[in-house]
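For the record, in the sequence shown the residue sitting at position 111 is 212 according to the working numbering, with numbers rising by one throughout. The C-beta atom is built at its ideal place from N, Cα and C for all residues, glycine as well. Given the structure is predicted, the values throughout are model-derived calculations rather than measurements. In what follows, a structure is listed as structure tokens, so that the remarks can point back to it.
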Amino acid sequence: MGPHISLVSFLLVLFVFSSTSWATLVDNHEEFIRCLSNCNQTSSVYTPNNSSYSSILQFSIQNLRFNTTKTPKPLVIVTPTSESEVQQVIICAKKTGMHIRVRGGGHDYEGLSYVTEVPFVIIDLIEHRAINVNVNDKSAWVEAGATNGELYYRIAEKSKTLGFPAGVCPTVGVGGHFSGGGYGLMLRKYGIAADNIVDARLIDANGRILDRVSMGEDLFWAIRGGGGNSFGLVLSWKIKLVDVPEKVTVFTLDKTLEQNATKLVHKWQYVGSRFHEDLFIRILISRLNSSSQGGNNNQTIIASFNSMFLGEIDRLLPIMQENFPELGLRREECIEMSWIESTLYFAGFSRGESLDVLLNRTQLSSRYFKAKSDYVYQPIPEGGLEGIWRLFFEDEAASAQMILSPYGGRMNEIASSSIPFPHRAGNLYKIQHLVYWDEEGEEVAEKHISWIRRLYSYMTPFVSMFPRAAYINYRDLDIGVNNIKGYTSYLQAKVWGTKYFKNNFNRLVFVKTKVDPSNFFRNKQSIPSIHLLPLYNYLVEDKGE
Ligand code: FDA
Numbered sequence: 102m103g104p105h106i107s108l109v110s111f112l113l114v115l116f117v118f119s120s121t122s123w124a125t126l127v128d129n130h131e132e133f134i135r136c137l138s139n140c141n142q143t144s145s146v147y148t149p150n151n152s153s154y155s156s157i158l159q160f161s162i163q164n165l166r167f168n169t170t171k172t173p174k175p176l177v178i179v180t181p182t183s184e185s186e187v188q189q190v191i192i193c194a195k196k197t198g199m200h201i202r203v204r205g206g207g208h209d210y211e212g213l214s215y216v217t218e219v220p221f222v223i224i225d226l227i228e229h230r231a232i233n234v235n236v237n238d239k240s241a242w243v244e245a246g247a248t249n250g251e252l253y254y255r256i257a258e259k260s261k262t263l264g265f266p267a268g269v270c271p272t273v274g275v276g277g278h279f280s281g282g283g284y285g286l287m288l289r290k291y292g293i294a295a296d297n298i299v300d301a302r303l304i305d306a307n308g309r310i311l312d313r314v315s316m317g318e319d320l321f322w323a324i325r326g327g328g329g330n331s332f333g334l335v336l337s338w339k340i341k342l343v344d345v346p347e348k349v350t351v352f353t354l355d356k357t358l359e360q361n362a363t364k365l366v367h368k369w370q371y372v373g374s375r376f377h378e379d380l381f382i383r384i385l386i387s388r389l390n391s392s393s394q395g396g397n398n399n400q401t402i403i404a405s406f407n408s409m410f411l412g413e414i415d416r417l418l419p420i421m422q423e424n425f426p427e428l429g430l431r432r433e434e435c436i437e438m439s440w441i442e443s444t445l446y447f448a449g450f451s452r453g454e455s456l457d458v459l460l461n462r463t464q465l466s467s468r469y470f471k472a473k474s475d476y477v478y479q480p481i482p483e484g485g486l487e488g489i490w491r492l493f494f495e496d497e498a499a500s501a502q503m504i505l506s507p508y509g510g511r512m513n514e515i516a517s518s519s520i521p522f523p524h525r526a527g528n529l530y531k532i533q534h535l536v537y538w539d540e541e542g543e544e545v546a547e548k549h550i551s552w553i554r555r556l557y558s559y560m561t562p563f564v565s566m567f568p569r570a571a572y573i574n575y576r577d578l579d580i581g582v583n584n585i586k587g588y589t590s591y592l593q594a595k596v597w598g599t600k601y602f603k604n605n606f607n608r609l610v611f612v613k614t615k616v617d618p619s620n621f622f623r624n625k626q627s628i629p630s631i632h633l634l635p636l637y638n639y640l641v642e643d644k645g646e
């Protein structure tokens, strides 16, 4: 064989050998349970014969779409408490060939932490959630089963002037959330959660416990935004806390079409990413149904300008007057509160509610939903916005929502390859498209899902292209999946991978191949490992001749 390797043969080899070994699609759960008991494993183990099985399974399901009688269920759920217990579970799963899913807070939009078509075990980290805050060096160790709410609560217990730039919803788990990035209302000042991770403890596919030093910088890079369940099981994160003022200011101003919503949304696109980095104004768009207007038949769109300012009202008002006078913000519409109180405000709790609600892991309400995401580089013209409103007047959009979150500030300063999360300079804002419904049934689901697909298709000319970027924490299987039963080709995964990670996708594949070549941690959108050995042999053979 000659030494020359053409691009075509290289790609052919890549295509053939970039594969997932799905050899382990077997039900070995009895052997798995025996393995756990042989090593004196004390974590709770639930099978469908156990009376608590259903409640443990359902407790963390956040999307009712994956809580139906047809949803595939795990053969076993394990809830380890300590690192050594988690380690033992991984070792037994590997030994017996059981497929695993790791669950943190269970908020995965497509249910990937607790649903798959092959026989599987859930490792539910709900009992592994200690938080240790150190105010002296402004850091914290957070076990991966904790939620954002628990983290915020524990920080506030120790300090009024420290916070953390993670997500808005308190029930979201830090296991999946930080693994996929994790943004909240302070992203314009401090970036996202994953930008503020300084160390981690992880169990790899061989059952070894690693920290930042022992895992090395490539793997440490990959787990900060490369998505959960690809590189290992994160046991805990060490995070850098950020300074927050003693008082922040919040406001929510609702504007209907009759109150100039279209022009205000249009203008916001020019200023939202350019404000002072202390100011974050997002817009929540939905339809105001006739029933909420006192029974008349008028329907309108409501654009809710929802904001947090890291400072007091006196400093906010001149900034608003100078940059966005059209919104007409008045002093009496602003509320000053502590940062921790603001986490309750944005989670929808009323003023004066006890901070203890942050420790509650149950969402205020769970519904059926489907979501998608987009990134916007150029303002959408008013006519384009009006087309969106028309879609919102369709029947299926009664409970639809669009959330526009501004970028800019610190997000412009962080390099797009700094961590796998690539969405930085150039983005004006991110859109989350959502549609909710309340009745079970495939037909109802199909109707709503096809509505959001129509909206997504309508948005094509207005949003990022080549790739049409998406946020992995708003997981969307419509943009591409790995082949669950057969082989996962690199080229197949690249379709969705470049949307989530842009140019960082190849480095993620490289890390995955190095740390988990047998693809032990996998799901429909996990990073594929490329089996390089045949390629290596091919190259070496060539050189030897
Ligand atoms: P879940 O347990 O479902 O895990 C998600 C993925 O990570 C799965 O693939 C899972 O296997 C894996 N995983 C979990 N723990 C792991 C671990 N320890 N090690 C390795 N892999 C692990 N996002 C955002 O950025 N800002 C926001 O404000 C919000 N708000 C929000 C509100 C609501 C109501 C929902 C449903 C979702 C959000 N999100 C969000 C999206 C959220 O960040 C995303 O769904 C996270 O992945 C959820 O993490 P969980 O641990 O809760 O989910």
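Member of the options whose CA lies at the smallest distance from the CA of residue i
| i | options | result |
| --- | --- | --- |
| GLY212 | ILE631, GLN626, HIS632 | GLN626 |
| GLU433 | ALA501, GLN370, THR353 | THR353 |
| MET503 | ASP238, LYS473, SER518, ASP579 | LYS473 |
| LEU592 | ASP579, ASN607, LEU578 | ASN607 |
| GLU218 | TYR446, ILE631, HIS632, ARG623 | ARG623 |
| ASP225 | GLU184, ASP617, ASN233, CYS435 | GLU184 |
| HIS229 | TYR215, TYR559, GLU251 | GLU251 |
| LEU578 | SER565, TRP597, GLU541 | TRP597 |
| ILE553 | GLU540, GLU543, GLN533, ILE201 | GLN533 |
| LEU263 | ASP344, ILE157, SER565 | ASP344 |
| LYS195 | ASN513, ILE134, GLU359, LEU535 | ILE134 |
| PRO149 | SER240, PRO173, ASN164, PRO482 | PRO173 |
| GLY328 | PRO618, ILE191, MET438, ALA571 | ALA571 |
| LEU418 | LEU430, ASN407, SER408, MET409 | LEU430 |
Test item: CB-CB of residue i and residue j under 8 angstroms
| i | j | result |
| --- | --- | --- |
| LYS531 | TYR557 | no |
| TYR478 | LEU529 | yes |
| GLY333 | ILE573 | no |
| ARG313 | ALA295 | no |
| LEU137 | GLN189 | yes |
| ASP379 | LEU342 | no |
| PRO521 | ARG325 | yes |
| PRO66 | THR599 | The displayed coordinates of the chain run from 102 to 646. Any statement about residue 66 would go beyond what the structure contains. |
| THR350 | CYS270 | no |
| VAL177 | HIS130 | yes |
| THR444 | TYR253 | yes |
| THR363 | THR401 | no |
| LEU428 | LEU492 | no |
| ILE227 | VAL243 | no |
Inter-residue spacing [alpha-carbon to alpha-carbon] between residue i and residue j
| i | j | result |
| --- | --- | --- |
| PHE167 | GLY581 | 19 angstroms |
| PHE321 | VAL335 | 11 angstroms |
| LEU371 | ASN424 | A small fix is needed here, since residue 371 is Tyr in this sequence, not Leu. Approximately 10 angstroms, taken between the alpha carbons. |
| THR180 | ILE489 | 44 angstroms |
| TYR210 | LYS261 | 33 angstroms |
| ASN330 | PRO426 | 46 angstroms |
| TYR537 | ASN583 | 26 angstroms |
| GLU547 | ALA498 | 13 angstroms |
| ARG525 | GLY484 | 27 angstroms |
| SER630 | LYS595 | 12 angstroms |
| PHE339 | SER451 | The sequence given here places Lys at residue 339; Phe does not occur at that position. Their Cα atoms are separated by approximately 32 angstroms. |
| ASN620 | ASP319 | 17 angstroms |
| LEU389 | TYR147 | 44 angstroms |
| GLU413 | LYS290 | 16 angstroms |
| SER240 | LEU165 | 36 angstroms |
| ILE304 | PHE611 | 19 angstroms |
Opposing strand residues paired with residue i [DSSP bridges]
| i | result |
| --- | --- |
| THR589 | Looking at the DSSP assignment, THR589 forms no beta bridge with any residue, so it has no partner. |
| PRO507 | TYR530 |
| LEU263 | ASP344 |
| GLY274 | THR248 |
| ASP300 | LYS339 |
| HIS200 | PHE221 |
| ILE386 | ALA404, MET503 |
| LYS356 | ALA404 |
| TRP538 | TYR469 |
| MET409 | VAL351, PHE381 |
| LEU334 | ILE304 |
Beta-carbon separation (whole angstroms), residue i vs residue j, contact threshold 8 angstroms
| i | j | result |
| --- | --- | --- |
| ALA257 | ILE441 | 4 angstroms |
| ILE403 | ASP355 | 5 angstroms |
| ILE162 | GLY207 | 6 angstroms |
| ASP128 | PRO266 | Rounded, the Cβ-Cβ distance is 43 angstroms, inconsistent with contact. |
| LEU286 | PHE447 | 7 angstroms |
| VAL275 | ASN249 | 7 angstroms |
Residue i: CB within 7 angstroms of a non-hydrogen atom of the ligand FMN
| i | result |
| --- | --- |
| HIS208 | Inclusion of the ligand FMN in the displayed structure is not the case, the ligand content consisting of the ligand FDA alone. |
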